[in-house]
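Position 74, counted from 1, in the sequence shown is what my numbering calls 160; the numbers after and before it change by one each time, with no gaps.
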Amino acid sequence: MRSYPANSPEAAARIVALALVADGHVSLIEIDTLQRQDIAQRLGLSAEAFRDVLHGLCEDLLVQSPMIWNDPARIAPRLIGDLLDEVDDPGLCTELIHLCRTVIEADAHVADGEALMLSTAFVHWHRRLSPPAGASRPSPRAA
């Protein structure tokens with residue numbers, strides 16, 4: 087699996103690309119949503135650069151974990167976690183959850199693979215970015 091610099095536009099785009107392929111195919115409605123919502127540009131990439139990231143992800147997935155395309159939802163959660171590790175900026179993680187949800191819900195159907203991908207991202211980032219249990223949070227200053 088190729089790697090990208092932490093929190094880079096490419097690392098972020100790969101998370102959205104993963105949401106696109108999580109159900110085993112990319113629908114025209116999802117592609118239209120990408121374009122209409124300017125998702126590539128919001129991540130700091132051109133549409134062509136986003137397509138390159140998507141293409142690279144598909145190549146890597148075929149090499150890493152060959153999928154049976156009529157049996158979607160088989161991208162290993164560990165592999166999803168490895169890709170999620172390249173993004174650890176809290177604001178970017180929040181934006182990516184929103185963008186992935188937008189893409190996943192575009193066709194008005196959430197497939198098992200899409201639900202797995204989104205829930206894995208949410209839990210993964212929540213665990214990594216939340217303070218440990220029992221840790222005190224800074225209290226707001228009195229005005």
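Ideal placement from N, C-alpha and C gives every residue a C-beta, glycine not left out. Everything numeric in this text was worked out from a predicted model, so none of it was measured.
DSSP-derived helix/strand/coil call for residue i
i    : result
Q127 : helix
R160 : coil
D175 : coil
A194 : coil
A229 : Note that A229 has pLDDT 43, beneath the 50 cutoff, so the model's placement of it is unreliable and the number below is only indicative. In the structure shown, A229 sits in coil (DSSP, three-state: anything other than H, G, I, E or B).
V209 : helix
V189 : helix
H184 : helix
G199 : helix
S216 : coil
Boundaries of the alpha helix (DSSP H) in which residue i is found, first to last residue
i    : result
I166 : 163 to 170
D138 : 133 to 150
A98  : 95 to 107
R88  : No alpha helix (DSSP H) contains R88, which DSSP labels as neither H nor E.
Cβ pair residue i, residue j closer than 7 Å
i    : j    : result
L182 : A98  : yes
I190 : A105 : yes
C179 : W211 : yes
A197 : L170 : no
A192 : E134 : no
L215 : P176 : yes
Nonlocal neighbours in the same chain, by C-beta distance under 7 Å from residue i, ignoring five residues either side
i    : result
G130 : P95
Q123 : T188
D146 : M87, R88
S132 : A126
Chain-order list of residues whose beta-carbon lies under 6 Å from that of residue i (same chain, five-residue window excluded)
i    : result
A103 : V139, L140, L143
Option in the options with minimal Cα separation from residue i
i    : options               : result
D174 : N93, S89, R88, M87    : N93
V112 : Q150, M87, E200       : E200
L148 : Y90, F136, I161       : I161
H184 : V107, F136, R128, P91 : R128
H195 : D168, A108, P163      : A108
Cβ-based neighbour list, residue i, same chain, cut-off 8 Å, excluding 5 preceding and 5 following
i    : result
A228 : Low confidence applies here, because A228 scores a pLDDT of 47, under 50, leaving its location unreliable and the question unanswered by this model.
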